[in-house]
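Right, one structure below, let's go through it.
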């Protein structure tokens with residue numbers, strides 16, 4: 014990967030993230046103190062940026078600066094891993110709640126008690 018490829022990758026990621034947040038080039042440019050032509054040149058791999066501009070873009074687009082240099086495949090994999098972890102955590106929480114409810118129901122059924130008898134309000 015040469016310098017031109019890195020500029021293209023960076024620019025492609027800026028565009029992808031900008032559009033994800035529904036921002037026009039003009040809006041993004043205004044918010045970070047640039048011109049929309051400069052944003053256009055960045056997105057098309059024609060211009061390179063300073064570390065300060067990378068930091069401004071990252072802050073506005075809610076990413077880490079390194080995220081601009083990852084391929085779409087890498088980013089998609091990270092997002093998929095995040096979603097999988099979230100679903101696993103959610104599944105464990107739901108399973109725990111169902112198990113606790115089932116245990117309470119069985120205990121109350123065997124002992125002939127209800128939540129109302131335990132002083133709980135619905």
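In the numbering used here, the protein residues as written are 14 to 135.
No residue lacks a Cβ here, since even glycine has one placed at the ideal position from N, Cα and C.
Check: For the alpha helix (DSSP H) that contains residue 74, what are its first and last residues?
Finding: As a first step, residue 74 must be located in the chain shown, where it is residue number 61. Counting along the chain, residue 74 falls outside any alpha helix (DSSP H), and DSSP gives it neither H nor E.
Margin query: Looking at residue 52: is its Cβ nearer than 8 Å to the Cβ of residue 38?
Written below: Here residue 52 refers to the residue found at position 39 of the chain shown. Here residue 38 refers to the residue found at position 25 of the chain shown. Taking 8 Å as the Cβ cut-off, residue 52 and residue 38 qualify as a contacting pair.
Note to self: Quick check on residue 79: buried or exposed, where buried means 16 or more other Cβ atoms within 10 Å of its Cβ?
What the structure shows: Within the chain shown, numbered from 1, the residue matching residue 79 stands at position 66. Counting Cβ neighbours within 10 Å, residue 79 comes out exposed, since fewer than 16 surround it.
Item checked: Other residues of its chain near residue 54: CB distance less than 7 Å, five sequence neighbours each side excluded -> As a first step, residue 54 is located in the chain shown; it is residue number 41 there, counting from the start. Result list for residue 54: 60, in chain order.
Next item on the list: On a CA-only basis, which of 15, 26, 74 and 122 is nearest residue 84? Give me that one, please.
Entry: As a position in the chain shown, residue 84 is number 71, starting the count at 1. Of the candidates 15, 26, 74 and 122, the one whose C-alpha sits nearest the C-alpha of residue 84 is 26.
Item checked: Cβ-based burial, residue 62 [other Cβ within 10 Å; buried from 16] -> As a working note, residue 62 is residue 49 in the chain shown. With 16 or more other Cβ atoms within 10 Å, it is buried.
Checklist line | Delimiting residues of the alpha helix (DSSP H) encompassing residue 59 | finding: Numbered from its first residue, the chain shown carries residue 59 at position 46. Careful: residue 59 lies outside any alpha helix (DSSP H) and carries neither H nor E.
Next item on the list: For residue 113, count neighbouring C-beta atoms within 10 Å of its own C-beta (all shown protein chains included) and say buried if the count is 16 or more, exposed if not.
Entry: Counting from 1 along the chain shown, the entry for residue 113 is found at position 100. Label assigned to residue 113: exposed.
Note to self: Let me confirm a value: residue 31 is counted as buried when at least 16 other C-beta atoms fall within 10 Å, else exposed. Which label applies?
What the structure shows: Working through the chain shown from its first residue, we reach residue 31 at position 18. Classification of residue 31: buried, given that the 10 Å Cβ count is 16 or more.
Next item on the list: Kindly indicate which three-state DSSP category residue 15 falls into: helix, strand or coil?
Entry: For the purposes of this step, residue 15 is taken as the residue at position 2 of the chain shown. Note: residue 15 maps to coil in three-state DSSP.
Item checked: Per-residue DSSP class, three states only, for residue 39 -> For the purposes of this step, residue 39 is taken as residue 26 along the chain shown, with counting starting at 1. It is helical.
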